[in-house]
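Just so we're aligned, residue -16 is where the sequence shown starts under this note's numbering, counting upward by one. Ideal placement from N, C-alpha and C gives every residue a C-beta, glycine not left out.
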Amino acid sequence: MTGGHVPPIAPGRRPLIGHAVPLLRDRLAFLQHLRACGPMVRITIGPKALTVVNSPDLIQEMLTSKSHQLSKGLLFEKLKLFGKDSLPVAEGRRHLTRRRLMQPAFHREQVSGYVQTMRDTVEPVVARWRDGDNLDIKTEMQLMAQNVVMSVAFSSHPEDETARAILASVDTVFKAALRRALLPLPVLERLPTRHNRRVTHASGVLHQAVAGIITEHRVDPDAYDDVISLLLAARDEDDATLPDDEVLSEVTGLLAAGSETTAVVMAWLFHELGRRPDLERRLHQEVDAVLGDEPLTAVHLPQLPFTRRLVHETMRLYSPAWLVTRQTIEPLQLGDTTLPAGTDLIWSPYTLHRDAALYPEPLQFDPDRWLPERPQPPKGAFIPFGSGKRQCMGDAFAWTEATIVTALIASRWRLRPVPGARTRPIGEITVHPSSLRMRAEARKTPTPREAA
Ligand code: HEM
């Protein structure tokens, strides 16, 4: 550190390994404790030092007015396993041009045109459940969210077996990326170990599946009007089309960014409802009154304020992102510290959203805290999608999808906790439930249209 105040080192550092033990043992609890250490605090993993930014004001500054002084950092470097230059990991000019190219497909108005496709993707899954089924809710939600991204953005409707193979591959690559970010040992990453071969294989399976979808678009371009069409039609300043490997990276990156995140929000929402029959009752009353037996359309969404508050509160208490990284590309003045170029920074939406200084009774799941008449959290205290130029491009997509999935499931099913099951949050690439099995109890039988 140069100049001004130097952020303190967090307690509990051990010789040589630094804070590796608490970080590997219970990283969510460890990061949460660090919030008591002040606006910024340093931790070490072996020889590597990381500066954790806790203050909502400094996080905002970093993501907005000072974003040009930062690159995406350690985690995103490792996420290049999905594709070298996809939007979430691209930097500088490439990021800007790609974001301009794809963003229109994710604008709020455009997203309201996806409601029917989202509904038609989710309904048949939910209609296949049988009364008394013991469901692995996390996997159900992952498949549902993946299918929604694939149907809306790629006009693709994979068979169940293919969808599961894609899901397993994404999972393997995500796990490897996180492990490599937390314990960066580049030499080990290149060795032909069994683990590394598994990661290479998973990445190959994923790329092959995505390449097949892109080929279908190339063969019959007029049949499609989606995000892949946008990428295939794009021209650079020299009127050249995007190289194949770049289209592949973008499509794979979108699939990875858009599936797991929304899926875990849905899983946590139904986990909370399973423990709170009072909230479940209110949800049922709302969806029954608004939807009746009609098919859900974009017109219904604004009429579901309680459903939306449930989604809002889940995004607060169970923010999927718990670790977001940055690296300074030049000396950066943050608060009263000047951080040298090359400083690794992290911030955590998950721990920010659970801070008692920002939210009264932060661990209480209370959707009504978002009622407009209640005092709202300070600016910068609710940022599940980040902020500034790298803010999630799929935020409107995710809000819409989560509202639809919640309403469609609630209109047909109660998901009851399996007695004795314990569910804990685990911080991997997202914060996901350790395991979440729930029993499906039918509220209504599906209409022939829904079951089709
Ligand atoms: C609840 C669901 C979601 C959450 C919580 C979430 C959260 C995030 C976060 C925290 C970032 C990184 C911000 C940063 O580095 O500062 C991000 C980036 C991104 N997300 Fe999401 N996301 C969600 C759903 C989606 C969906 C559904 C899509 C697309 C279908 C998507 C596409 C992207 C893309 C493309 C980026 C990179 C944007 C850029 O760097 O310009 N996300 N998301």
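Taking 7 Å as the cut-off, is the CB of A381 close to at least one heavy atom of ligand 1? Correct: A381 has its Cβ closer than 7 Å to ligand 1.
Any heavy atom of ligand 1 within a distance shorter than 7 Å of the CB on F368? Yes, the beta carbon of F368 sits closer than 7 Å to at least one heavy atom of ligand 1.
When we look at the beta-carbon of G275 and count the other beta-carbons within 10 Å, is it buried (16 or more) or exposed? By the neighbour-count rule (16 or more Cβ atoms within 10 Å), G275 is not buried but exposed.
Which residues does DSSP pair with S54 in a beta bridge? Q310, per the DSSP bridge assignment.
V135 to T320 span [Cα, whole Å]: Taken atom to atom, the span from the alpha-carbon of V135 to that of T320 is near 45 Å.
Under 8 Å Cβ to Cβ from E172, same chain only, skipping five residues before and after it: list those, please. Correct list, in chain order: R163, N179.
Rounded C-alpha distance that separates T235 from H(-12): Going from the Cα of T235 to the Cα of H(-12) covers about 42 Å.
Would P288 count as contacting chain C if we go by Cβ distances under 8 Å? Protein chain content of the structure displayed is limited to a single chain, and chain C is not contained in it.
What ranges does the alpha helix (DSSP H) occupy inside the region 393 to 428, keeping only unbroken runs of at least 4 residues that lie completely in it? As far as the region 393 to 428 is concerned, it has no whole alpha helix (DSSP H) run of at least 4 residues.
Quick one: grab the DSSP three-state call for R357. Correct three-state label for R357: coil.
Bridge partners for N117 per DSSP, in chain order? Residue pairing by DSSP puts N117 in a beta bridge opposite R422.
What are the residues that DSSP puts in a beta bridge with R25? I(-8), T34.
Bridge partner(s) assigned by DSSP for W330: W330 pairs with V307.
Suppose the cutoff is 7 Å on Cβ atoms and the five residues either side in sequence are ignored; what does the same chain contact list for D40 look like? Same-chain partners within the cutoff: G363.
Thinking C-alpha only, which one of C20, H51, R299, L14 is nearest Q316? That would be H51, whose Cα lies nearest to the Cα of Q316.
Among K49, G56, P175, A19, whose alpha-carbon lies nearest the alpha-carbon of S38? Measuring from the Cα of S38, the nearest candidate turns out to be A19.
Among L166, A185, R82, whose alpha-carbon lies nearest the alpha-carbon of V153? Minimum Cα distance to V153 is reached at A185.
In chain order, which continuous runs of the alpha helix (DSSP H) of length 4 or greater are located wholly inside the region 248 to 296? Runs found: 260 to 274.
What does the Cβ neighbour count give for S242, buried or exposed, with the cut at 16 atoms within 10 Å? Buried, since its Cβ has 16 or more Cβ neighbours within 10 Å.
I'd like to confirm the pairing. Which residues does DSSP put opposite G377 in its beta bridges? In the DSSP output, where bridge partners are listed per residue, G377 has none listed.
Bounding residues of the alpha helix (DSSP H) (the contiguous stretch that carries R337): First-last for R337: undefined, no H or E at that position.
Run through DSSP, which three-state label would T47 get? Note: T47 maps to coil in three-state DSSP.
Give every residue of the same chain whose Cβ lies closer than 8 Å to the Cβ of R420, excluding the five residues on either side of it in the sequence, and list them in chain order. Excluding residues up to 5 positions away in sequence, N117, L118, D119, I120, V401, A404 lie with their Cβ nearer than 8 Å to the Cβ of R420 in the same chain.
Shortest alpha-carbon distance to G369 belongs to which of L46, K31, V35, V248? Here the closest residue by C-alpha is L46.
N- and C-terminal bounds of the alpha helix (DSSP H) containing K158: For K158, the enclosing alpha helix (DSSP H) has its first and last residue at 143 to 165.
Name, in chain order, the residues that DSSP records as bridge partners for G440. With the chain covering only -16 through 435, there is no way to say anything about residue 440.
At a cut-off of 7 Å, is C375 close to ligand 1 when judged by its beta-carbon and the heavy atoms of the ligand? At least one heavy atom of ligand 1 is found less than 7 Å from the C-beta of C375.
Let me check understanding here. Comparing Cα to Cα, which of G187, M133, R259 lies closest to D209? For D209, the closest alpha carbon among the candidates G187, M133, R259 is that of M133.
If you draw a straight line from the alpha carbon of A379 to that of E255, how long is it in whole angstroms? When only Cα atoms are considered, A379 and E255 end up about 23 Å apart.
Would you say the beta carbon of H78 comes nearer than 7 Å to a heavy atom of ligand 1? At least one heavy atom of ligand 1 is nearer than 7 Å to the Cβ of H78, so yes.
Member of S394, I412, T406, R407 whose CA lies at the smallest distance from the CA of E424: When only C-alpha atoms are compared, the closest one is S394.
Could you compute how far the alpha carbon of L166 sits from the alpha carbon of L14? If I take the Cα positions, the gap works out to 16 Å.
When DSSP builds the beta bridges, which residues end up paired with G1? According to DSSP, G1 bridges with R(-3), I28.
Based on Cα-Cα distance, which residue from E60, L58, D68, R91 lies nearest to A281? Comparing Cα-Cα distances from A281 to each of E60, L58, D68, R91, the minimum goes to R91.
Could you give the C-beta distance for P204 and L215, rounded to a whole number, given that I count them as a contact under 8 Å? Between L215 and P204 the Cβ distance is about 7 Å, and since that is below 8 Å, they are a contact.
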